[in-house]
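Participant: Below is a structure I'd like to ask you about.
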Amino acid sequence: MSLLEVRALSKRFGGLQAVSDLSLSMAEGEVLGLIGPNGAGKTTAFSLFSGFLAPDSGEIEFRGRSLVGLRPHQICHLGLTRTFQIVRPFPHLSVLENVRVGAFARTASSQTAAARARQVLHEVGLEAKADVPAGELTLAERKRLELARALATEPVLLLLDEVMAGLSAAETERIVELIRGINARGVSLLLIEHVMRAVMNLSHRIAVLNYGQLIAEGTPAQVANDPRVIEAYLGEEYAGTAPG
Amino acid sequence: MLLALLVLLALPQFLGSYLLTVFIFIFFYAYLGQAWNLLGGYGGQISLGHAAFVGIGAYTSTYLAMTYQLSPWIGMLIGGAAAACLGAVIGYLGFRFGLRGFYFILLTVAFGEICRLVVSHVDALGGALGLFITFSGDPWQFQFSDNRYYYYVALGLMLISMGIAALIERSRMGAYLAAIREDEDASEALGVNAFGTKLAAIVLSAFLTGVGGTFYANYLFSLQPNTAFGIPLSVEIILRPIVGGSGTLMGPVLGSFILSPLAEVSRTYFARGGLSGVHLIVYGSLLIAVVLFFPRGAYPYLRGVFRRLPRRGAPPPFRHLPPGVARAKPAPERPRDP
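The listed protein sequences correspond, in order, to chains A and B. Everything in the first sequence is counted per this note's numbering, starting at 1 for the first residue and increasing by one. Everything in the second sequence is counted per this note's numbering, starting at 1001 for the first residue and increasing by one.
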């Protein structure tokens, strides 16, 4: 049984077909990169998977269970957690309190939740900021906080929406290591990412979206050399010049 | 904390009846403010219709006492339950259909006004004239010939509401309410059932406010739809937590200790000078000042002052930079715990 099974998923906003007949499958433990030009429908796909949007048609199955019609908090309790592209910390709560909200998904006890939150903060390297209001963090720290909150919900599948955007090379390197560590613990990952080196490095497989449609799927090497992908990114005239 | 409690317990022995009244109003409005705070302060769901819960609680227990001789001590709980039912209806409609911010406020105002108009037209409830409670001095009927008993009942209500708020603040529900207030969508992504949490908060808040209605009726001995359900009462309830610091345990209490005496003093002072109504201007000016200078309320401001005090001698970091730049810089990392 695959972990995530998406079949013929479609979503339209007025005249815009944001996601069109999308089918995807993920295995347990896999890292799948979801790439494509801006406006290709990647974030819409995330919102559909995580219950923030309802699909017009199609099916989403997670560990054999249909997610269509479930609320985001129910999907989170099933083990699928998303992060947001534009990070959304709770600005007036401390970093620890932010992460504790996620930890409460698995326990009703404040002590257990706080202990779990501290553990996650240690893991992402934010424990020194535990008592700082989240609104005072730098962008790189906010990205790690976003990751920490999602991790605290103890997901089976983590949907990361551009956690590296806007980070320096050194910060990107650290977050790549962090994500690799998360996957090594058995958490499956679905990444939306524009930082190509990172996504090529991390992903076992890559799926490419363009105009809401899946145009290519395969290993990083296969996808990088696919003329349809190069065309989508660079335009038609470069498609023929791709290296073998 | 314990000292303050002992002082409040001993206080009635030394107060005249006028000051006693002032304290009763301080406690009572702190209680109502704390009930509102559970939903509006911690959860950020602003209700401007909480008078409806006071009115329903007050009318329920008073009607049951007048018609069936039921003790208001029992009617209090029934009134609270009736208010909780109304809270559930408002919450279900508002939260199921995703009304946020101003739209939720308008919904609560509308429900408050509907209640006021309906009660004004029901003859069994005294219509627009309202209900008048005849004084019997029977404690079982929630009537005391000595004002000091009202003092202790009001104090008890305030302490109960503080206990409930303290419990919620430390629980998962408190964390969830704060998360919803800060960013509802992000909270849902982290497994927070925003609808269920908000619904629980409004039901609890309405219940406590409805219980307060019985005190309101039996302290004032009369009930009119325009005062018991009116927007002015809703505003009085919401002002305490806002001035004192909404979403904090001490906010509604501090706000009540600031506002209730102020309202009382300015009312008597200006009325004596033949300037009745001026107290409202003073009151309004104070509110504007609070919103301008302490936008998060007096309590968070004072807490911040006390936290900064010990470090006063140390030079502020980044003194050579303009304040905006200094704030944008991340604070120097503290050494990590081993």
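Ideal placement from N, C-alpha and C gives every residue a C-beta, glycine not left out.
Considering residue 13 of chain A, what are the terminal residues of the beta strand (DSSP E) in which it resides?
Facilitator: Looking at the DSSP string, the run of the beta strand (DSSP E) that includes residue 13 of chain A is 4-13.
Participant: By the three-class DSSP mapping on this structure, what secondary structure does residue 1062 of chain B have?
Facilitator: In this structure, residue 1062 of chain B counts as helix in the three-state DSSP scheme.
Participant: Would you call the CB atoms of residue 32 of chain A and residue 51 of chain A closer than 8 Å?
Facilitator: Cβ distance not < 8 Å, so residue 32 of chain A and residue 51 of chain A don't count as in contact.
Participant: Which residues in chain B sit within 8 Å of residue 93 of chain A, going by Cβ to Cβ distance?
Facilitator: What residue 93 of chain A touches in chain B: 1178, 1179 and 1182.
Participant: Using a beta-carbon distance below 8 Å, is residue 1159 of chain B in contact with chain A?
Facilitator: Residue 1159 of chain B does not count as touching chain A.
Participant: If you reduce the DSSP assignment to three classes, tell me which class residue 247 of chain A lands in.
Facilitator: Since the first and last residues shown for chain A are 1 and 244, residue 247 of chain A lies out of range.
Participant: Against chain A, does residue 1330 of chain B count as a neighbour if the rule is that its beta carbon must be under 8 Å from one of theirs?
Facilitator: Per-residue confidence for residue 1330 of chain B stands at a pLDDT of 43, beneath the threshold of 50, marking its modelled position as unreliable; no derived number is given.
Participant: Distance check for residue 1093 of chain B and residue 1270 of chain B, CA to CA, integer angstroms please.
Facilitator: Approximately 44 Å between the Cα atoms of the pair.
Participant: Tell me the residue span of the beta strand (DSSP E) that contains residue 207 of chain A.
Facilitator: Per DSSP, residue 207 of chain A belongs to the beta strand (DSSP E) from 205-210.
Participant: Would you mind working out which of B/1307, B/1139 and B/1249 sits nearest residue 1074 of chain B, comparing C-alpha positions?
Facilitator: The option with the nearest alpha carbon to residue 1074 of chain B is B/1139.
Participant: Sorted by chain position, which residues of the same chain lie with C-beta nearer than 6 Å to residue 1107 of chain B's C-beta, five sequence neighbours on each side aside?
Facilitator: Taken in chain order, the residues that qualify are 1094 and 1099.
Participant: In chain B, what lies closer than 9 Å to residue 46 of chain A by C-beta?
Facilitator: Neighbours of residue 46 of chain A on chain B: none; closest Cβ ~10 Å, over 9 Å.
Participant: Going along chain A, which residues have a C-beta under 7 Å from residue 1171 of chain B?
Facilitator: Residues of chain A passing the Cβ test: 110.
Participant: At a CB distance below 9 Å, what residues from the segment 1185-1198 of chain B approach chain A? Give them in sequence order.
Facilitator: Within the segment 1185-1198 of chain B, the residues whose Cβ lies closer than 9 Å to some Cβ of chain A are 1185, 1186, 1187, 1188, 1189, 1190, 1191, 1192, 1193, 1194, 1195 and 1196, listed in chain order.
Participant: If we count the other Cβ atoms within 10 Å of its Cβ and call it buried at 16 or more, is residue 1252 of chain B buried or exposed?
Facilitator: Result: buried.
Participant: Taking the alpha-carbon positions, what's the residue 968 of chain B to residue 86 of chain A distance?
Facilitator: No statement about residue 968 of chain B is possible, as the shown extent of chain B runs from 1001 to 1338 and does not include it.
Participant: Suppose only complete runs of 4+ residues qualify. What are the alpha helix (DSSP H) ranges in the segment 151-236 of chain A, listed by chain order?
Facilitator: You should have 169-184, 196-202, 220-224 and 227-234.
Participant: Please report the residue range of the alpha helix (DSSP H) in which residue 1145 of chain B lies.
Facilitator: Taken as a continuous stretch (DSSP letters only), residue 1145 of chain B belongs to no alpha helix (DSSP H), as it is neither H nor E.
Participant: Who does residue 33 of chain A pair with in a DSSP beta bridge?
Facilitator: According to DSSP, which records beta bridges pairwise, residue 33 of chain A is partnered with A/191 and A/206.
Participant: Using a Cβ-Cβ distance under 8 Å, would residue 1007 of chain B count as near chain A?
Facilitator: No, its Cβ sits nowhere closer than 8 Å to a Cβ of chain A.
Participant: Kindly list the residues whose CB is nearer than 6 Å to the CB of residue 45 of chain A, restricted to its own chain and excluding five residues on each side of it in sequence; keep chain order.
Facilitator: Result list for residue 45 of chain A: 19, in chain order.
Participant: Would you mind telling me which residues of chain A sit closer than 8 Å to residue 1175 of chain B, beta carbon to beta carbon, in chain order?
Facilitator: Simply 97, 100, 101, 104, 110 and 113.
Participant: Which residue marks the beginning of the alpha helix (DSSP H) containing residue 1250 of chain B, and which one marks its end?
Facilitator: Taken as a continuous stretch (DSSP letters only), residue 1250 of chain B belongs to no alpha helix (DSSP H), as it is neither H nor E.
Participant: Alpha carbons only, please: which of B/1052, B/1008 and B/1022 is nearest the one belonging to residue 1231 of chain B?
Facilitator: When only C-alpha atoms are compared, the closest one is B/1052.
Participant: Count Cβ pairs between the segment 1077-1097 of chain B and the segment 1207-1218 of chain B that sit closer than 8 Å; are there 3 or more?
Facilitator: Flag = yes, the segment 1077-1097 of chain B and the segment 1207-1218 of chain B touch.
Participant: Leaving out five residues before and five after residue 1314 of chain B in sequence, what residues of the same chain have Cβ atoms less than 6 Å from its Cβ?
Facilitator: In this predicted model, residue 1314 of chain B has a pLDDT of only 42, less than 50, meaning its place in the structure is not dependable enough to derive any value.
Participant: Assign residue 106 of chain A to one of three DSSP states: helix, strand, or coil.
Facilitator: Of the three classes helix, strand and coil, the one that applies to residue 106 of chain A here is coil, per DSSP.
Participant: So for residue 55 of chain A, helix, strand or coil by DSSP?
Facilitator: In this structure, residue 55 of chain A counts as coil in the three-state DSSP scheme.
Participant: Measure from the alpha carbon of residue 1198 of chain B to the alpha carbon of each residue in B/1009, B/1004 and B/1089, then state which is nearest.
Facilitator: The shortest Cα separation from residue 1198 of chain B among B/1009, B/1004 and B/1089 belongs to B/1089.
Participant: Find out if the Cβ-Cβ distance for the pair residue 1145 of chain B, residue 1156 of chain B is shorter than 8 Å.
Facilitator: Result no, Cβ atoms of residue 1145 of chain B and residue 1156 of chain B do not sit closer than 8 Å.
Participant: So residue 1340 of chain B and residue 1048 of chain B are in contact, right, with Cβ under 8 Å, and what is the actual spacing, rounded?
Facilitator: This structure cannot settle anything about residue 1340 of chain B, because the visible part of chain B is limited to 1001 through 1338.
Participant: Give me the Cα-Cα distance between residue 17 of chain A and residue 54 of chain A, rounded to the nearest whole angstrom.
Facilitator: For residue 17 of chain A and residue 54 of chain A, the distance between alpha carbons rounds to 14 Å.
Participant: Is it buried or exposed for residue 1037 of chain B, if we count other Cβ within 10 angstroms and need 16 for buried?
Facilitator: Residue 1037 of chain B is buried by the Cβ-count criterion.
Participant: Measuring CB to CB, does residue 11 of chain A end up less than 8 Å from residue 34 of chain A?
Facilitator: Contact: no.
Participant: Is it buried or exposed, residue 1224 of chain B, if we count other Cβ atoms within 10 angstroms and call 16 or more buried?
Facilitator: Result: buried.
Participant: Just to make sure I have the definition right: I need the residues of chain B whose C-beta is within less than 8 Å of the C-beta of residue 50 of chain A. Which are they?
Facilitator: Ordered by position in chain B, the residues that pass the 8 Å Cβ test against residue 50 of chain A are 1189.
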